[in-house]
């Protein structure tokens, strides 16, 4: 029987890559989108079909994880084989500004889906998108599936709730429910306000005289960056495993934001020199123009200084490992941005 996937958060970076991956696997893919007066399906344009087309393997439904009735109705209507919950208010810094909404979407949204699965069909397989931000103020390095959580933001706290409620429903109702603890994963489809996208887009625009300066926060945060295209494969592999389990997905390599900036600048042949310390540290181009500056507004109330994962379990059990390295990721992101500028 042809498999049927339902993706909450289908319009995001991961939702777009996962949809395309599953379609190639022969799935019928259903996605849930929130109603908006502006078009929010740009990442899906290449796979979206007219709703009146006779044969469609990609179908969109209006719904919202903050609305339990719409969640239940969609799951009852679609009756999917697999559900992927990628829906979230996913910006860590913004979660401090809208903590209640973040909790409603990122924590209770997961509960609503799990409750609907219990009511509709306990055989539906479920994937919950966790985050390395759950580790927060890390107690060991690198972090693996046994590392204790210490979240440092409303986003991280909400994701910890989702992790435990998924595990609880797995044990209580014998659901095939998995947590993917994904470390930072980027791509050309990354949202505009995330630091990697901001850096690549900003430096590409500076290179082409479209922008003069880029404002950033903590340059010394260390992150484990991978490619979203690799990570959606891990999501799928979790639901094909013989038993439901939880997995850390990462590259195992770590870089500071400053190092990421230097790598992007080098690819773009922008020679930069750093001067100053702390919040006063700035980057200057070869003409002595300040092109990067730190600003207090981009610092979090509680910082996560270092994240680095260990994907040994995923490698052993799922036979998964990242195919693309940081250089590949940067090349993809730069290529995309330069094409956008040329348009």
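Residue numbers (the working numbering): 209 to 551. Backbone N, C-alpha and C fix where the C-beta goes; we use that ideal spot for every residue, glycine too. These numbers were taken from a predicted model, which means no experiment stands behind them.
Once DSSP output is grouped into helix, strand and coil, what is the label at residue 459? Within the chain shown, the letter at position 251 stands for residue 459. In this structure, residue 459 counts as coil in the three-state DSSP scheme.
According to DSSP, residue 293 sits in a beta bridge with which residue or residues? Position 85 of the chain shown, counted from the start, is the residue given in the question as residue 293. According to DSSP, residue 293 bridges with 216, 336.
By Cβ distance below 8 Å, which residues in the same chain neighbour residue 304 in space, the five residues on each side in sequence not counted? Translated into positions along the chain shown, residue 304 becomes position 96. Spatial neighbours of residue 304 in its own chain (CB-CB distance under 8 Å, excluding positions within 5 residues in sequence) are listed in chain order as 361, 362, 508, 509.
Could you check which residue in 416, 488, 340 has the C-alpha nearest to that of residue 501? If you number the chain shown from 1, residue 501 lands on position 293. Among 416, 488, 340, the Cα nearest to that of residue 501 belongs to 488.
Which of the three DSSP states is assigned to residue 388 in this structure? The sequence position of residue 388 within the chain shown is 180, counting from 1. In the three-state DSSP reduction, residue 388 falls in the strand class (E or B).
So, do the region 316-326 and the region 365-377 have three or more beta carbon pairs nearer to each other than 8 Å? These segments touch.
How should residue 435 be labelled, buried or exposed, when 16 other C-beta atoms within 10 angstroms of its C-beta is the threshold for buried? To locate residue 435, count along the chain shown from 1; it is residue 227. Residue 435 is buried by the Cβ-count criterion.
Could you tell me the distance, in whole angstroms, from the CA atom of residue 389 to the CA atom of residue 407? In the chain shown, the residue the question calls residue 389 occupies position 181. In the chain shown, the residue the question calls residue 407 occupies position 199. So the two alpha carbons sit approximately 25 Å from each other.
Let's test the definition: count the other Cβ atoms within 10 Å of the Cβ of residue 347 and tell me whether it reaches 16, buried, or not, exposed. By one-based count along the chain shown, residue 347 stands at place 139. Exposed.
Answer with yes or no whether the minimum CB distance from residue 232 to chain B is below 7 Å. This model lacks chain B altogether, as it is built from one protein chain only.
Beta-carbon separation of residue 523 and residue 531 under 7 Å? Working through the chain shown from its first residue, we reach residue 523 at position 315. Working through the chain shown from its first residue, we reach residue 531 at position 323. One thing to note: residue 523 has its Cβ no nearer than 7 Å to the Cβ of residue 531.
DSSP three-state call for residue 482: helix, strand or coil? To locate residue 482, count along the chain shown from 1; it is residue 274. If DSSP states are grouped into helix, strand and coil, residue 482 belongs with the strands.
In chain order, what are the residue ranges of uninterrupted alpha helix (DSSP H) at least 4 long that sit wholly in the region 394-458? Within the region 394-458, the complete alpha helix (DSSP H) runs of at least 4 residues fall at 403-415, 436-448.
Residue 334 to residue 428, Cα distance in whole Å? Mapped onto the chain shown, residue 334 falls at position 126. Mapped onto the chain shown, residue 428 falls at position 220. For residue 334 and residue 428, the distance between alpha carbons rounds to 36 Å.
Three or more C-beta pairs below 8 Å linking the region 238-245 and the region 413-421: Result no; under three Cβ-Cβ pairs closer than 8 Å.
Identity of the residue in 322, 274, 516 nearest residue 308 by Cα: Position 100 of the chain shown, counting from 1, holds the residue named residue 308. Taking the Cα of residue 308 as reference, the smallest distance to any Cα among 322, 274, 516 is reached at 274.
Candidates 284, 365, 289, 218, of which the one nearest residue 210 by Cα: Within the chain shown, numbered from 1, the residue matching residue 210 stands at position 2. Nearest to residue 210 by alpha-carbon distance, out of 284, 365, 289, 218, is 289.
Starting from the Cα of residue 475, find the closest Cα among 409, 450, 341 and give me that residue. Taking the first residue of the chain shown as 1, we reach residue 475 at position 267. If we check each option's Cα against that of residue 475, 409 comes out closest.
What number of angstroms, rounded off, separates the C-alpha of residue 540 from the C-alpha of residue 230? What you label residue 540 is simply residue 332 of the chain shown in a count that begins at 1. What you label residue 230 is simply residue 22 of the chain shown in a count that begins at 1. If I take the Cα positions, the gap works out to 21 Å.
Rounded separation between residue 518 and residue 343 - CA only: Start at 1 with the first residue of the chain shown, and residue 518 comes out as number 310. Start at 1 with the first residue of the chain shown, and residue 343 comes out as number 135. Between residue 518 and residue 343, the C-alpha separation is close to 13 Å.
Taking a contact to mean a Cβ-Cβ separation below 7 Å, would you say residue 472 touches residue 411 in this structure? Position 264 of the chain shown holds residue 472. Position 203 of the chain shown holds residue 411. A contact, by the Cβ cut-off of 7 Å.
Measure the CB-CB distance between residue 404 and residue 394 and report whether it falls below 7 Å. Residue mapping note: residue 404 aligns to position 196 of the chain shown, counting from 1. Residue mapping note: residue 394 aligns to position 186 of the chain shown, counting from 1. Yes, these two residues count as a Cβ contact at 7 Å.
Inter-residue Cα distance where the pair is residue 526 and residue 337: Counting from one through the chain shown, the residue named residue 526 turns up at place 318. Counting from one through the chain shown, the residue named residue 337 turns up at place 129. Residue 526 and residue 337: Cα-Cα distance of roughly 17 Å.
Is the Cβ-Cβ distance between residue 546 and residue 340 less than 7 Å? Here the question's residue 546 lines up with position 338 in the chain shown. Here the question's residue 340 lines up with position 132 in the chain shown. Taking a C-beta distance under 7 Å as the contact criterion, residue 546 and residue 340 do not qualify as a contact pair.
Sort out for me which residues DSSP pairs residue 270 with in a bridge. Sequence index remark: in the chain shown, residue 270 carries index 62 (1-based). Beta-bridge pairing links residue 270 to 241.
Strand pairing of residue 500, partner residues [DSSP]: Taking the chain shown and counting its residues from 1, the one referred to as residue 500 is at position 292. Residue pairing from DSSP places residue 500 in a beta bridge opposite 422, 491.
Identify whether residue 317 lies in helix, strand or coil by the three-state DSSP scheme. Position 109 of the chain shown, counted from the first residue, corresponds to residue 317. Residue state for residue 317 is assigned as helix, using DSSP reduced to three classes.
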